[in-house]
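Residues 41 to 400 (our numbering) are what the sequence shown spells out, left to right. We put the CB at the ideal spot given by N, CA and C, even for glycine.
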Amino acid sequence: MPTTVTILDSPLSWIESDARAQCAQVAALDGMIHVAGMPDLHPGKGAPIGAAMTSSVLYPFLVGSDIGCGIAVFPLRLKRADPEKLAARFPDLDRPVEPDEPPPGGWTDGLGTVGRGNHFVELAEVDDVLDAERAAACGLGKGSHVLIVHSGSRGLGEAILRAHTEVHGAGPAADPAAYLAAHDDAVRWGSLNRRVLAARVADAIGASLTEPIVDVCHNSVEVRDGHYLHRKGAAPGDDRDVLIAGTRGTHSYLVAAHAGPDAGYSVAHGAGRKMSRADALRRGKAKHTVEELRRPRKGSIVVCGDRQLLFEEAPSAYKRIDRVVGDLVEHGLATPILTTLPVVTYKTADAAPRRRTPRR
């Protein structure tokens, strides 16, 4: 029986031909049953990002190196959200902390750090409430604040993938049970890391933190109905709430996800890149200033001491988040609950102490 491929986009979407080609390449792998491309689909290294891939064979490279990478959302109580003052109080999240007890897998490197690329910790404010009943069930309303943490297993996932690829390359797992055991450690480690990050920020800014209302990883594999469901940049979407991240200059969406088998029981995890990092750097330098990227919208600040990363992660490098969420809604995969807007986004520590605005 031939592998089926479903791309969950619309005529208004833009998905690169390279990403579609990668879906076809994955579909040709031995044992592959179904490939579902999300509306944020874009090309990755050897496999598409924004895809859920079901197979009778376990392929570690389809999950990638950042096993357990995901997004958690923590409601918090904050007296006053002054971006300038709060940004100055954010801790250095590039410096790891010592664990109180052995973390999953015994991996201690990088605990409590964000990582680079598209990872971030963001203090955000609820902007539009689109489903009042569901928002209230989350304890949120217009003007509420949340911490959004996007990070993963840091070096642990990379070490697990490297141990496989050094022997088997892009081939299947020789011992699926052993891979899954290590994989599950990395998933738990990623969740722990997001909690540690949230606690560090909440303590530094003097906020009261609650348990996360969302903690979903989007790089993983699960055994489902006797098959392996690989997710690479796709969030589990089977009857749970998911935060679909926008950019530093746009909304993010909290949605109630209800995806079925055609979508690989998955939904998009973010806006999805529309430019490579090299293109974003080249075009961004011609279009933006560093100061514009540090303040992509009124009332928000991006903490990032890496100028190149600022350009690579510019809002213009990503697809339209409203279009991505609109496609999910059109395909019956998600119901929007609320949107958030960034107040302070941490990418990496400032290279030099930030100037404080003089008091008048």
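Residue 272 in three-state terms, based on DSSP | Residue 272 falls in the strand class under three-state DSSP.
Confirm, please, whether the CB-CB distance from residue 374 to residue 320 is below 7 Å.
-> No, Cβ-Cβ distance for residue 320 and residue 374 is not below 7 Å.
Could you please give me the residues that DSSP links to residue 200 through a beta bridge?
-> Among the bridge pairs identified by DSSP, residue 200 is matched with none.
Counting only runs of 3+ residues fully inside the segment 80–113, write out the beta strand (DSSP E) ranges in chain order.
-> The segment 80–113 contains these whole beta strand (DSSP E) runs: 89–95.
Could you tell me which of 256, 159, 73, 89 sits nearest to residue 268, measuring between CA atoms?
-> Closest option to residue 268, Cα to Cα, is 73.
Beta-carbon proximity of residue 63 to residue 84, cut-off 7 Å = The answer is no: Cβ separation not under 7 Å.
Could you pull the start and end residues of the beta strand (DSSP E) that residue 370 belongs to?
-> Here residue 370 belongs to no beta strand (DSSP E); instead the alpha helix (DSSP H) covers 361–370.
Kindly list the residues whose CB is nearer than 7 Å to the CB of residue 56, restricted to its own chain and excluding five residues on each side of it in sequence; keep chain order.
-> 82, 83, listed in sequence order.
State the beta-bridge partners of residue 117 as determined by DSSP.
-> Residue 117 is bridged to 248.
What do you reckon, are the CB atoms on residue 116 and residue 376 nearer than 7 Å?
-> Not closer than 7 Å, so no.
What's the C-alpha gap between residue 214 and residue 345?
-> In a straight line, the C-alpha of residue 214 is about 42 Å away from that of residue 345.
Cβ shell of residue 245 (< 8 Å), same chain only, five flanking positions each side left out | Cβ-Cβ distances below 8 Å link residue 245 to 118, 126, 129, 130, 163 in the same chain, with the five nearest sequence neighbours on each side left out; the list follows chain order.
Along the chain, where does the alpha helix (DSSP H) that runs through residue 178 open and close?
-> If you look at residue 178, you'll find it isn't in any alpha helix (DSSP H); DSSP assigns it neither H nor E.
Would you identify the three-state DSSP class for residue 286, choosing helix, strand or coil?
-> In this structure, DSSP gives residue 286 a state outside helix and strand, which the three-state scheme calls coil.
State yes or no: is the C-beta of residue 273 within less than 7 Å of the C-beta of residue 309?
-> Yes, these two residues count as a Cβ contact at 7 Å.
Are residue 293 and residue 365 closer than 7 Å when you measure CB to CB?
-> Yes, the Cβ-Cβ distance between residue 293 and residue 365 is below 7 Å.
Beta strand (DSSP E) segment containing residue 353, residue limits | Where residue 353 is concerned, there is no enclosing beta strand (DSSP E), given that its DSSP letter is neither H nor E.
For the alpha helix (DSSP H) containing residue 57, list its first residue and its last residue.
-> Annotation for residue 57: the continuous alpha helix (DSSP H) segment containing it runs 57–67.
Taking only runs of the beta strand (DSSP E) that begin and end inside the segment 295–324, which ones reach a length of at least 3 residues, in chain order?
-> The DSSP assignment places complete beta strand (DSSP E) segments of no fewer than 3 residues inside the segment 295–324 at 306–308, in order along the chain.
Are the Cβ atoms of residue 253 and residue 178 separated by less than 7 Å?
-> For the 7 Å CB-CB criterion, residue 253 and residue 178 form a contact.
Beta-carbon spacing of residue 313, residue 358 below 7 Å = Yes, these two residues count as a Cβ contact at 7 Å.
Where does the unbroken beta strand (DSSP E) through residue 382 begin, and where does it stop?
-> That run of the beta strand (DSSP E) goes 374–388.
Could you have a look at residue 259 and say whether DSSP puts it in helix, strand or coil?
-> Three-state DSSP puts residue 259 in a strand.
For residue 275 versus residue 48, is the C-beta distance shorter than 7 Å?
-> No, Cβ-Cβ distance for residue 275 and residue 48 is not below 7 Å.
Could you tell me which of 278, 106, 75, 332 sits nearest to residue 45, measuring between CA atoms?
-> Out of 278, 106, 75, 332, 75 has the C-alpha closest to the C-alpha of residue 45.
Quick one: is the Cβ of residue 379 within less than 6 Å of any heavy atom of the ligand GTP?
-> The ligand GTP is not part of the structure shown, which contains no ligands of any sort.
Go to residue 391, then tell me how far its beta strand (DSSP E) extends in each direction, as first and last residue.
-> Where residue 391 is concerned, there is no enclosing beta strand (DSSP E), because DSSP gives it neither an H nor an E.
Which of helix, strand or coil DSSP assigns to residue 281 | The DSSP-derived three-state label of residue 281 is strand.
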